[in-house]
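Student:
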Amino acid sequence: MDMISLRHIYKQYGTHQVLEDVNLTIREGEIYGLIGKNGAGKTTIFKIILGLTEYEKGQLSIAGSKTKSALSASRKKIGFFIGKNFFDYLTARENLEYYWQMKGIQKTEEVDRVLSLVDLQDVTAKFGSFSMGMKQRLGIANAMLGNPEILILDEPVNGLDPQGIADVRSLIVKLNAEYGTTVVISSHILGELEHTATRFGIIDHGQVLWEITHEDLKVRNDKIQIRVSDYEKAKRLLADNGIAIFQEGSAYKSLEDYYFELVGGNIHDKLSQR
Amino acid sequence: MTNYLNADLRRILHKQSFLGSVGAFALLFAILVFIYLNPSFTGEMYVAKVTSFLSFFPLVIGVFILISVYADDFKCRSMQVAIGYGMQRSHIILAKLLESAILLLGSAVIMGILVLCTPAVLGLAPNTQQLMSLSLTVAAEMLRALGYLALSTIPFFFSQDAVGGIIAYVLLSSKTVYIVLSMVLGQKFLVNTIGDLTKYLYTVQLYTVKANLIGGNPFIFTFVAALLIYIVLPTVIAIIGFCKKELEF
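Put into structure tokens, the structure is as follows:
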């Protein structure tokens, strides 16, 4: 079943075409990684899904719903992390209780559950005094309130330390595996996304340029890279067994390589531009 | 909508600065009474002083309600989260107006109890008409604040920025707009040409109704029209403006 579907979506800001004939389908139970540089149209896609902006042409569908009122009802199935939408004068618990009440979730233990998932259950400080990482974790906890069927995460690992990144990654994978949660995730850290997502979409200048599954990405990499204790001996062994060595060095083509092949430039140029 | 309303009210009641503002206003009232209290202080003098003090109710209490209900929300963009949860934009605006009305009513009840009980404590023994005047003053100031809040939602929701709305509210609640409009509309050539429009100003409407009720005159039905124009109409305009707005994360 298609959980989210965008068909021939066009969106324009003044004379600037932000999305041009976007076709995107997020299937039930998958982790979809949306990749694109700033201004590529990722956030606009999220805003359209969440009903925060109108679009000129096309059809949006969430869990089969297409009409305006049905879409509003279907959005109740979505949990999302789009920023740090919290009040400085409230604690982590009070902030989550606010959204918990707004969502109309019945189970009172739900706030405790999501707080412990991100290890904030014992924090009593006000949100205003939180570190970047704590704010990020609280945002992710909020997205998970009520075990939503669909999870939209916009740059969820920004500002997190390596341990935090690993924790978020395992949390997403766990939610997907245990509850079958459909996840749409955008990130600049392509290597990280490569570890998490089951399918990827590359977007640039408002167009989805390419989609590939994690499996296909692996199949395309039919060359292997191995580390050996004795390089000379390994070479001899290969030669003795009639295996030719065409190239020495890294053979793995990562998601990042594909990305820059499609949108142009190289990572060093891109990084120096930032 | 009820969930949103309850969540927002609960959030605001956790905000110390809002509760502090009501406390500070009550404290100011106590200081005022202490300053004016002398052996020749009568019930009539008390009513006059309290009436003038309560005219600051929309400015002092209203600003804190405005910041808590609207500005805080715009700052942390929790409205966007509510829309993302599937809530209709018009329901958000209506819920916010209701919240403002509930918080104003709560604050007005506290101030009402305070101003009505103080004369008994001071042994002033005001008559029924004076007590009625005090009650109606509290009600009129509360409605004045609600009307200004409703008018301020237009710049709030059109600009999605707190600054414009707060400036508009301060200008309205400090009576700056009222004074300027009274001066402009009271010009002789305007009165002669299109008639006296100052009587249609919201503040004038409220104070006229209050004076009529104190005087035992029947309820003026144009007052209902004034409420519709100054509270319902701005809300409808805000809904129209907000429904198609692009919302930022």
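For the record, the sequence lines run as chains R and V. Note that the working numbering has the first sequence beginning at 657, numbered continuously upward. Note that the working numbering has the second sequence beginning at 1115, numbered continuously upward. Even for Gly, the Cβ is constructed at its ideal location relative to N, Cα and C. Computed from a prediction, not measured in an experiment: that's the story for all the values here.
1) On the CB-based measure, 16 or more other CB atoms within 10 Å of its CB, does V/A1121 come out buried or exposed?
2) From which residue to which residue does the beta strand (DSSP E) around R/H672 run?
3) Is there a Cβ from chain V that is less than 8 Å from the Cβ of R/T699?
4) Name the two residues that bound the continuous beta strand (DSSP E) containing R/K855.
5) Beta-carbon within less than 8 Å of R/Y711's beta-carbon, same chain only, minus the 5 sequence neighbours each way: which residues are those?
6) Could you compute how far the alpha carbon of R/K830 sits from the alpha carbon of V/I1343?
7) Tell me, which residues are paired with R/E867 by DSSP?
8) Could you check how far apart the C-beta atoms of R/A719 and R/S730 are, in whole angstroms? I think they sit under 8 Å.
9) Closer than 8 Å is the cut-off here; do at least three beta carbon pairs connect the region 762-773 of chain R with the region 1314-1333 of chain V?
10) Compare the C-beta of V/Y1184 against all C-beta atoms of chain R and say whether one is closer than 8 Å.
11) Measure the C-alpha to C-alpha separation of R/S928 and R/N803 and round it to an integer number of angstroms.
12) Using a Cβ cut-off of 8 Å (strictly closer), state whether R/Q757 contacts chain V.
13) Assuming V/Y1344 is part of the beta strand (DSSP E), what are its boundary residues?
14) At a Cβ threshold of 8 Å, is V/R1258 touching chain R?
15) Is there at least one Cβ from chain R nearer than 8 Å to V/A1162's Cβ?
16) If you compare alpha carbons, which of R/G692, R/G695, R/I701, R/G670 is closest to R/I682?
17) Unbroken alpha helix (DSSP H) runs of length 4 or more, entirely within the region 712-788 of chain R: which are they?
18) May I ask you to list the residues that DSSP assigns as paired with R/R663?
19) Could you give the DSSP three-state label for R/I845: helix, strand or coil?
20) Since V/S1287 and V/P1172 should fall inside the 8 Å C-beta cutoff, what is the C-beta to C-beta distance between them, to a whole number of angstroms?
21) Count the C-beta pairs between the region 1183-1194 of chain V and the region 1152-1161 of chain V that are closer than 8 Å, then say yes if the count reaches three, no if not.
22) Is the CB of R/Q929 under 8 Å away from at least one CB in chain V?
23) Out of curiosity, what's the CA-to-CA distance linking R/K782 and R/L746?
24) Excluding the five sequence neighbours on either side, which residues of its own chain have a C-beta within less than 8 Å of the C-beta of R/R825, listed in chain order?
25) Is V/I1207 helix, strand or coil by DSSP?
26) Rounded to whole angstroms, what's the CA-CA distance from R/L716 to V/A1215? Just pull it up for me.
27) Which parts of the region 1130-1171 of chain V are runs of the alpha helix (DSSP H), unbroken and 4 residues or longer, counting only runs that do not cross its ends?
28) Could you check which residue in V/I1268, V/A1234, V/F1155, V/L1127 has the C-alpha nearest to that of V/A1349?
29) So, at 7 Å on beta carbons, what are the nonlocal neighbours of R/A797 in its own chain, with the 5 sequence-adjacent residues on each side left out?
30) Using alpha carbons as the reference points, say which of V/V1229, V/V1195, V/L1219, V/Y1184 lies closest to V/Y1283.
31) Report yes or no: is there a C-beta of chain R within less than 8 Å of the C-beta of V/E1360?
32) In angstroms, rounded to a whole number, what distance separates the CA positions of R/T838 and R/R855?
33) Return no unless some Cβ of chain R is closer than 8 Å to the Cβ of V/G1220.
34) Could you tell me which of V/T1307, V/F1303, V/L1311 sits nearest to V/L1295, measuring between CA atoms?
35) Whole angstroms is fine: what's the gap from R/K926's alpha carbon to R/F743's?
36) Please check if any C-beta of chain V sits within less than 8 Å of the C-beta of R/N922.
Tutor: So, from the data block:
1) buried
2) 672-683
3) yes
4) Here the sequence assigns Arg to residue 855 of chain R, which means Lys is not the residue at that position. Taken as a continuous stretch (DSSP letters only), the beta strand (DSSP E) holding R/R855 covers 855-860.
5) Contacts found: I665, Y666, K667, L675, I704.
6) In a straight line, the C-alpha of R/K830 is about 55 Å away from that of V/I1343.
7) R/G857
8) Correct: roughly 5 Å between the Cβ atoms.
9) no
10) no
11) Annotation note: pLDDT 46 at R/S928 (below 50); position unreliable, no value reported.
12) With a threshold of 8 Å between beta carbons, R/Q757 makes contact with chain V.
13) Neither: V/Y1344 is in no beta strand (DSSP E) and is coded neither H nor E.
14) Not an interface residue.
15) no
16) Of R/G692, R/G695, R/I701, R/G670, the smallest CA-CA separation from R/I682 is found for R/I701.
17) As summarised for the region 712-788 of chain R, the continuous alpha helix (DSSP H) elements at least 4 residues long and confined to that stretch are 724-730, 748-759, 766-773, given in chain order.
18) In the DSSP assignment, R/R663 is bridged to R/Q715.
19) coil
20) 4 Å between Cβ atoms; contact.
21) no
22) Any reading at R/Q929 is ruled out, since the residue's pLDDT is 47, under 50, leaving its predicted position unreliable.
23) 5 Å
24) V813, E848, H851, T852
25) helix
26) 37 Å
27) 1130-1150, 1157-1168
28) First, the amino acid is wrong: residue 1349 of chain V is Thr here, not Ala. Residue V/I1268 is the option with its Cα nearest to V/T1349.
29) Cβ neighbours of R/A797 beyond the five flanking positions: L752, V770, L771, L773, V774, L776.
30) Put simply, of V/V1229, V/V1195, V/L1219, V/Y1184 the residue whose alpha carbon is nearest the alpha carbon of V/Y1283 is V/Y1184.
31) Closer than 8 Å to some Cβ of chain R, the Cβ of V/E1360 qualifies, so yes.
32) The C-alpha of R/R855 is placed about 11 Å away from the C-alpha of R/T838.
33) no
34) V/L1311
35) Model confidence at R/K926 stands at a pLDDT of 47, short of 50, so the residue's coordinates are unreliable and nothing is read from them.
36) The predicted model places R/N922 with a pLDDT of 49, which falls under 50 and marks its position as unreliable; any figure quoted below should be read in that light. Answer no: the Cβ-Cβ gap between R/N922 and chain V never drops below 8 Å.
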